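*Asks:*
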Amino acid sequence: MPAETHALSDRALSIFAFAAYHHLISGQPIGSVVRRDGSGHQADPEGAAEVERHGLATLSDDAITFTESGVALVGTTVAAIRQASGR
Numbered sequence: 001m002p003a004e005t006h007a008l009s010d011r012a013l014s015i016f017a018f019a020a021y022h023h024l025i026s027g028q029p030i031g032s033v034v035r036r037d038g039s040g041h042q043a044d045p046e047g048a049a050e051v052e053r054h055g056l057a058t059l060s061d062d063a064i065t066f067t068e069s070g071v072a073l074v075g076t077t078v079a080a081i082r083q084a085s086g087r
């Protein structure tokens with residue numbers, strides 16, 4: 001299924017915001033994020049399913065692994081945050 005990055009819901013965008021946070025903290029591109037951490041925190045199930053449906057990631061029980069298009073969208077999200085701050 002080809003990746004479609006338009007019209008993502010806020011629930012799906014929250015997955016990319018979380019990945020962007022980790023990218024900004026680590027300074028490294030992010031290929032996956034934790035879906036469930038075992039301590040009660042989890043990615044929004046509807047958002048995760050939407051990201052997968054759009055071909056931006058694959059899901060396992062514990063991880064959201066971004067496809068090439070998903071990794072690119074994480075990078076675009078980071079760039080947008082930096083631009084919004086005037087960088």
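Under the working numbering, the first residue of the sequence shown is numbered 1, with each subsequent residue one higher.
C-beta atoms are modelled at their ideal positions from N, C-alpha and C, and glycine is treated no differently.
Since the structure is predicted, the reported quantities are computational estimates derived from the model, not experimental observations.
1) Output the residue ranges of the alpha helix (DSSP H) runs that lie fully inside the stretch 21-71 and measure 4 residues or longer, sorted by chain position.
2) With ALA12 and VAL74 assumed to form a contact (beta carbons below 8 Å), what rounded beta-carbon distance in angstroms separates them?
3) State the CB to CB distance for the pair LEU59 and SER69, rounded to an integer number of angstroms; the pair is presumed to be in contact (CB under 8 Å).
4) Considering only residues of the same chain and omitting the five flanking positions on each side of GLY31, which have a CB-CB separation below 8 Å?
5) THR77: buried (16+ other C-beta within 10 angstroms of its C-beta) or exposed?
6) Which word fits ALA43, buried or exposed, when buried means at least 16 other C-beta atoms lie within 10 angstroms of its C-beta?
7) Excluding the five sequence neighbours on either side, which residues of its own chain have a C-beta within less than 8 Å of the C-beta of SER9, listed in chain order?
*Replies:* Based on what the coordinates show:
1) 45-53
2) Contact flag wrong, Cβ pair sits at about 13 Å.
3) The pair is not a contact, with the Cβ atoms about 15 Å apart (cut-off 8 Å).
4) THR65, PHE66, VAL71
5) buried
6) buried
7) GLU46, GLY47, GLU50
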